[in-house]
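Counting from 1, position 360 in the sequence shown corresponds to residue 370 in this note's numbering; the numbering is continuous, with no gaps. Glycine is no exception: its CB is placed at the ideal position from the N, C-alpha and C atoms.
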Amino acid sequence: MKMQMVHIDLSTGTIDTFSVEEGVARRFIGGSGLGTYFYFKYSRPEIDPLGAENPLIFMNGPFQGTGIPTSGRHQIVSKSPLTGAHGESDAGGTFGFHLLRGGFYGLIVEGKAEKPVYIVIRNGEVSLRDASLLWGKDSFETEQMLKEEFGGACGVSCIGPAGEKMALIAGIMHDGPHARAAGRCGLGAVMGSKNLKAIVAGGTFRPGLFDEEKVRALSKEKHLLFSQKLAGMTRFGTAGGVSLAEEYGDLPIKNWQQGSWKPEVLSITGEAMADTILTENYGCVACPIRCGREVAFDNIAGAGPEYETIGMLGSNCLVNDLKDIARAADICNRYGLDTISTGAAVAFAMELFERGIVTEKEIGFPLNWGDGKAMIRIVEAMGKREGFGAILSLGTRKAAEIIGHGAERYAIHVKGLDLPAHDPRCYKSLAAGYATSSRGACHLSGYTYACERNATYKDFGITEVLDRAIDDGKGELNVPFQNFMGVLDSLKICKFPILACVSIDDLLTWIHGVTGWEMTREELEETGKRIFTLKRLFNSRCGFTKDDDTLPERILHEPRGTGGAADTLPDLQKQLECYYAARGWDEKGIPTYEQLKKLGIEEFAL
Numbered sequence: 011m012k013m014q015m016v017h018i019d020l021s022t023g024t025i026d027t028f029s030v031e032e033g034v035a036r037r038f039i040g041g042s043g044l045g046t047y048f049y050f051k052y053s054r055p056e057i058d059p060l061g062a063e064n065p066l067i068f069m070n071g072p073f074q075g076t077g078i079p080t081s082g083r084h085q086i087v088s089k090s091p092l093t094g095a096h097g098e099s100d101a102g103g104t105f106g107f108h109l110l111r112g113g114f115y116g117l118i119v120e121g122k123a124e125k126p127v128y129i130v131i132r133n134g135e136v137s138l139r140d141a142s143l144l145w146g147k148d149s150f151e152t153e154q155m156l157k158e159e160f161g162g163a164c165g166v167s168c169i170g171p172a173g174e175k176m177a178l179i180a181g182i183m184h185d186g187p188h189a190r191a192a193g194r195c196g197l198g199a200v201m202g203s204k205n206l207k208a209i210v211a212g213g214t215f216r217p218g219l220f221d222e223e224k225v226r227a228l229s230k231e232k233h234l235l236f237s238q239k240l241a242g243m244t245r246f247g248t249a250g251g252v253s254l255a256e257e258y259g260d261l262p263i264k265n266w267q268q269g270s271w272k273p274e275v276l277s278i279t280g281e282a283m284a285d286t287i288l289t290e291n292y293g294c295v296a297c298p299i300r301c302g303r304e305v306a307f308d309n310i311a312g313a314g315p316e317y318e319t320i321g322m323l324g325s326n327c328l329v330n331d332l333k334d335i336a337r338a339a340d341i342c343n344r345y346g347l348d349t350i351s352t353g354a355a356v357a358f359a360m361e362l363f364e365r366g367i368v369t370e371k372e373i374g375f376p377l378n379w380g381d382g383k384a385m386i387r388i389v390e391a392m393g394k395r396e397g398f399g400a401i402l403s404l405g406t407r408k409a410a411e412i413i414g415h416g417a418e419r420y421a422i423h424v425k426g427l428d429l430p431a432h433d434p435r436c437y438k439s440l441a442a443g444y445a446t447s448s449r450g451a452c453h454l455s456g457y458t459y460a461c462e463r464n465a466t467y468k469d470f471g472i473t474e475v476l477d478r479a480i481d482d483g484k485g486e487l488n489v490p491f492q493n494f495m496g497v498l499d500s501l502k503i504c505k506f507p508i509l510a511c512v513s514i515d516d517l518l519t520w521i522h523g524v525t526g527w528e529m530t531r532e533e534l535e536e537t538g539k540r541i542f543t544l545k546r547l548f549n550s551r552c553g554f555t556k557d558d559d560t561l562p563e564r565i566l567h568e569p570r571g572t573g574g575a576a577d578t579l580p581d582l583q584k585q586l587e588c589y590y591a592a593r594g595w596d597e598k599g600i601p602t603y604e605q606l607k608k609l610g611i612e613e614f615a616l
């Protein structure tokens, strides 16, 4: 298949296009894999994440625009200013589809414009435009202004004021009020550092399929299966998992201190949302599930909070008013803040306030647990980078370094990336998964916990739900799952329905139908390993070692005390010993030259 790319240097204004070599495309697929490959090609490990030289790469996968269910996703790759490590973030919605319709599978952005600009991609033509009138606008306003100028049949990727002011927890937003966010790793700050406000794309290009009949037949079958098996996700979205997470001891509560939160949790579930503020649901391109929530109340109308948002801005802050959570989420979406890291920062600050490490004078107002109005106020200050909010907008790790007085103990992160709303004390495989994920704490880099909750996956020999309370086998379990998730992030297909509805043979059928590649399971497995290894190698080049593969003290040594995971703690060292043995890395946790050569990436050796 032919994958057309565009390379833009904002410093010089030069724009070049090129085609990805067939061999490179097959070895890295697209999305995360190809984005990481190009990042290596265009960067150096010593690059400042907020410097002009740091590339920002938007990348589709080969499934984009094919009608394969849940394939309306794209990946953004760069060096994270939040962690100093490999950074990537995934987003759904419509932008990736419109980027492809504009004629390109991806774009590589380097340099820094002298003044704010935005990029226009239309039917293979690329140009830079003055963004002075857009600068300072929130993400909703930016989307609306660009769609009014270019018409509705286009997609917009943009930053809000938080990205412009380089808040390190700023994300890149899509689809206006529907707020499809590439939230994690602070890539909105990278975009802001380049004076790049937005990318607008659209056109009429359609990808050719090697075997359209094969693709359409399997897609039709899976479309129906997804609708049937994931009906609960359609009704309640990801927030439908809030009650079960609280019951099992997975839900973050009071900055990860508390084990249970009944009956308060009942007011912030997906079911409660459906009964109160939900107006309709929506989905990404080519998705039959439609897990997006649309809510309306008072002066709020837009995306409803998903599971992660409810966990981090709700229970983790002891806020049980769904409207307060939705208001805070709306601020995040408008200003362009990652709701996970934002909620982590608020809970962190609430604990510091409770312990007397920060005062009302420093914050500007009391910041007590459960005070939804105070939470909304501090979130807005983070989006504007004002007062104490400016410190919190740097993420909990850097904020703790600035605050001092022992604040580091209460910053719950891995490598600088705040934990998502899932607990390794509940699902033990997350311990090694978080510790070794290339971008920091990430439940989707491995997605093993699904098989400790309610899923099986026969392709990996998992025919029964795994015991979530034991460490045995959990370290090495992450290896095939991390490799596999790298493949999915490169094909660009949603992970929610995979374990329930899609086998590896299904993926191989789609790959052949789209590209003509006669891939085997072994080649697909090796491709996943190549992609994960390349990310690990990048972090090694940036100075990360096995010593950085760790978890917060609270997660390692403080039991929850109550709830469904009251007394369990993960044995991280036991898991890591098995994990490293399965990976075959050297004593410093670095891939060996022999491994790189076997995977065909020895050119990137240290």
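### Query
Can you name, in chain order, every residue of its own chain whose Cβ lies under 7 Å from the Cβ of Asp499, other than the five neighbours on each side?
Within the sequence shown, the letter at position 489 stands for residue 499. Correct list, in chain order: Gly41, Ser42, Gln85, Asp100.
### Query
Bridge partners of Leu66, per DSSP?
By one-based count along the sequence shown, residue 66 stands at place 56. Leu66 is bridged to Val119.
### Task
Check Val87 in the structure and name its three-state DSSP category.
Stepping through the sequence shown from its first residue, residue 87 is reached at position 77. The answer is strand: DSSP assigns Val87 an E or B state.
### Task
Going by CA-CA distance only, name the one from Asp516, Leu586, Arg531, Lys608 that's closest to Phe73.
In the sequence shown, counting from the first residue as 1, residue 73 sits at position 63. Minimum Cα distance to Phe73 is reached at Asp516.
### First and last residue of the uninterrupted alpha helix (DSSP H) at Ser439
For the purposes of this step, residue 439 is taken as residue 429 along the sequence shown, with counting starting at 1. Residues 439-446.
### Candidates Ala615, Lys371, Glu231, Gly186: closest to Lys147 by CA position
Position 137 of the sequence shown holds residue 147. Nearest C-alpha to Lys147: Gly186.
### Message
If the criterion is Cβ atoms closer than 8 Å, does the pair Arg303 and Gly314 meet it?
### Response
Your numbering for residue 303 matches position 293 in the sequence shown. Your numbering for residue 314 matches position 304 in the sequence shown. In this structure, Arg303 places its C-beta atom within 8 Å of the C-beta atom of Gly314.
### Task
Return the residue from the list Asp381, Phe50, Gly71, Gly247 that minimises the CA-CA distance to Lys12.
What you label residue 12 is simply residue 2 of the sequence shown in a count that begins at 1. Here the closest residue by C-alpha is Gly71.
### Query
Is Ala227 buried or exposed, if buried means 16 or more other CB atoms sit within 10 Å of its CB?
Taking the first residue of the sequence shown as 1, we reach residue 227 at position 217. Looking at its Cβ environment, which holds fewer than 16 other Cβ atoms inside 10 Å, Ala227 is exposed.
### Range of the contiguous alpha helix (DSSP H) that encloses Asp10
Nothing can be reported for residue 10: it is not among the residues displayed for the chain, which extend from 11 to 616.
### Task
Determine, using beta-carbon pairs with one atom in the stretch 305-312 and one in the stretch 276-292, whether at least three such pairs fall under 8 Å.
yes
### Message
Could you tell me the alpha carbon to alpha carbon distance between Glu257 and Phe236, rounded to whole angstroms?
### Response
Position 247 of the sequence shown holds residue 257. Position 226 of the sequence shown holds residue 236. Each residue's Cα considered, the two are about 26 Å apart.
### Message
On the DSSP bridge list, what partners appear for Glu231?
### Response
Residue mapping note: residue 231 aligns to position 221 of the sequence shown, counting from 1. BP columns for Glu231 are empty, so no partner.
### Whole-number beta carbon distance between His423 and Ala451, since they are thought to touch under 8 Å
Position 441 of the sequence shown, counting from 1, holds the residue named residue 451. Position 413 of the sequence shown, counting from 1, holds the residue named residue 423. Indeed, because the Cβ distance is near 6 Å, the residues count as touching under 8 Å.
### Message
What does the alpha-carbon distance come out to for the pair Glu568 and Lys425?
### Response
In the sequence shown, counting from the first residue as 1, residue 568 sits at position 558. In the sequence shown, counting from the first residue as 1, residue 425 sits at position 415. Between Glu568 and Lys425, the C-alpha separation is close to 20 Å.
#### Entry: Validate contact between the stretch 403-418 and the stretch 172-185 using beta carbons, cut 8 Å, 3 pairs
Under the 8 Å Cβ criterion, the stretch 403-418 counts as touching the stretch 172-185, having at least three qualifying pairs.
### Task
Kindly indicate the opening and closing residues of the beta strand (DSSP E) around Met15.
Mapped onto the sequence shown, residue 15 falls at position 5. Per DSSP, Met15 belongs to the beta strand (DSSP E) from 14-19.
### Query
Beta carbon of Ile78, beta carbon of Ile503: below 8 Å?
Residue 78 sits at position 68 when you count from the first residue of the sequence shown. Residue 503 sits at position 493 when you count from the first residue of the sequence shown. It is a contact, given that the beta carbons lie within the stated cut-off.
### Task
Write down the C-beta distance between Thr244 and Arg190 rounded to the nearest angstrom, noting that I regard them as a contact closer than 8 Å.
Position 234 of the sequence shown, counting from 1, holds the residue named residue 244. Position 180 of the sequence shown, counting from 1, holds the residue named residue 190. No, Thr244 and Arg190 are not in contact; Cβ-Cβ is about 17 Å, not under 8 Å.
### Message
Going by C-alpha to C-alpha distance, which of Phe363, Glu151, Ile209, His184 sits closest to Asp140?
### Response
Along the sequence shown, read from residue 1 onward, the residue named residue 140 stands at position 130. Here the closest residue by C-alpha is Ile209.
### Query
When DSSP labels each residue in this structure, what does Lys207 get in the three-state scheme?
Walking along the sequence shown from the start, residue 207 turns up at place 197. Note: Lys207 maps to strand in three-state DSSP.
### DSSP-derived helix/strand/coil call for Thr555
Along the sequence shown, read from residue 1 onward, the residue named residue 555 stands at position 545. It is coil, neither helix nor strand.
### Query
What residue from Phe363, Ile388, Gly346, Glu281 has the CA that sits closest to Asp334's CA?
Against the sequence shown, residue 334 aligns to sequence position 324. For Asp334, the nearest C-alpha among the options comes from Ile388.
### Message
Does Ile25 come out as helix, strand or coil in the three-state DSSP assignment?
### Response
Translated into positions along the sequence shown, residue 25 becomes position 15. Strand at Ile25.
### Task
Closer than 7 Å by C-beta to Gly23: which residues in its own chain qualify, once you throw out the five before and the five after it? Chain order, please.
Taking the sequence shown and counting its residues from 1, one reaches residue 23 at position 13. So the qualifying residues of the chain are Leu138.
### Query
Which residues in the same chain as Tyr437 place their Cβ atom closer than 6 Å to its Cβ, once the five residues preceding and following it in sequence are excluded?
Taking the sequence shown and counting its residues from 1, the one referred to as residue 437 is at position 427. For Tyr437, where only same-chain residues beyond five positions count, the Cβ hits under 6 Å are Tyr459, Glu462, Arg478.
### Task
Give, in chain order, every unbroken run of the beta strand (DSSP E) that is at least 3 residues long and sits entirely within the stretch 171-221.
Unbroken beta strand (DSSP E) runs of no fewer than 3 residues, entirely contained in the stretch 171-221, are found at 182-184, 190-192, 206-212, following chain order.
#### Entry: Assigned secondary structure, Asp428 (DSSP; H/G/I helix, E/B strand, else coil)
To locate residue 428, count along the sequence shown from 1; it is residue 418. Here Asp428 sits in strand by DSSP.
### Query
Taking just the CA atoms, how far does Cys164 sit from Arg132?
By 1-based counting over the sequence shown, the position of residue 132 is 122. By 1-based counting over the sequence shown, the position of residue 164 is 154. Approximately 9 Å between the Cα atoms of the pair.
### Alpha-carbon to alpha-carbon, Gly75 and Val295
For the purposes of this step, residue 295 is identified with residue 285 of the sequence shown, where counting begins at 1. For the purposes of this step, residue 75 is identified with residue 65 of the sequence shown, where counting begins at 1. Cα to Cα, Val295 sits roughly 8 Å from Gly75.
### Task
Tell me, please, which residues DSSP counts as bridged to Asn291.
Locating residue 291 in the sequence shown gives position 281, where the first residue counts as 1. DSSP output for Asn291 lists Arg303 as bridge partner(s).
### Query
What is the C-beta distance between Ile565 and Pro434, in whole angstroms, given that I count them as a contact (C-beta under 8 Å)?
Looking up residue 565 in the sequence shown gives position 555. Looking up residue 434 in the sequence shown gives position 424. About 6 Å separates the two Cβ atoms, so the contact holds.
### Task
Please state whether DSSP places Val166 in a helix, a strand or coil.
Here residue 166 is taken as the residue at index 156 of the sequence shown, counted from 1. Three-state result, Val166: strand.
### Identity of the residues DSSP links to Asp136 by a beta bridge
In the sequence shown, the residue the question calls residue 136 occupies position 126. For the record, residue 136 in the displayed sequence is Val; it is not Asp. Ile131.
### Task
Give a yes or no on whether the C-beta atoms belonging to Pro601 and Arg546 are separated by under 8 Å.
Position 591 of the sequence shown, counting from 1, holds the residue named residue 601. Position 536 of the sequence shown, counting from 1, holds the residue named residue 546. Cβ atoms of Pro601 and Arg546: closer than 8 Å.
### Message
Rounding to the nearest angstrom, what Cα-Cα distance links Ser448 and Leu609 in this structure?
### Response
Position 438 of the sequence shown, counted from the first residue, corresponds to residue 448. Position 599 of the sequence shown, counted from the first residue, corresponds to residue 609. Approximately 18 Å between the Cα atoms of the pair.
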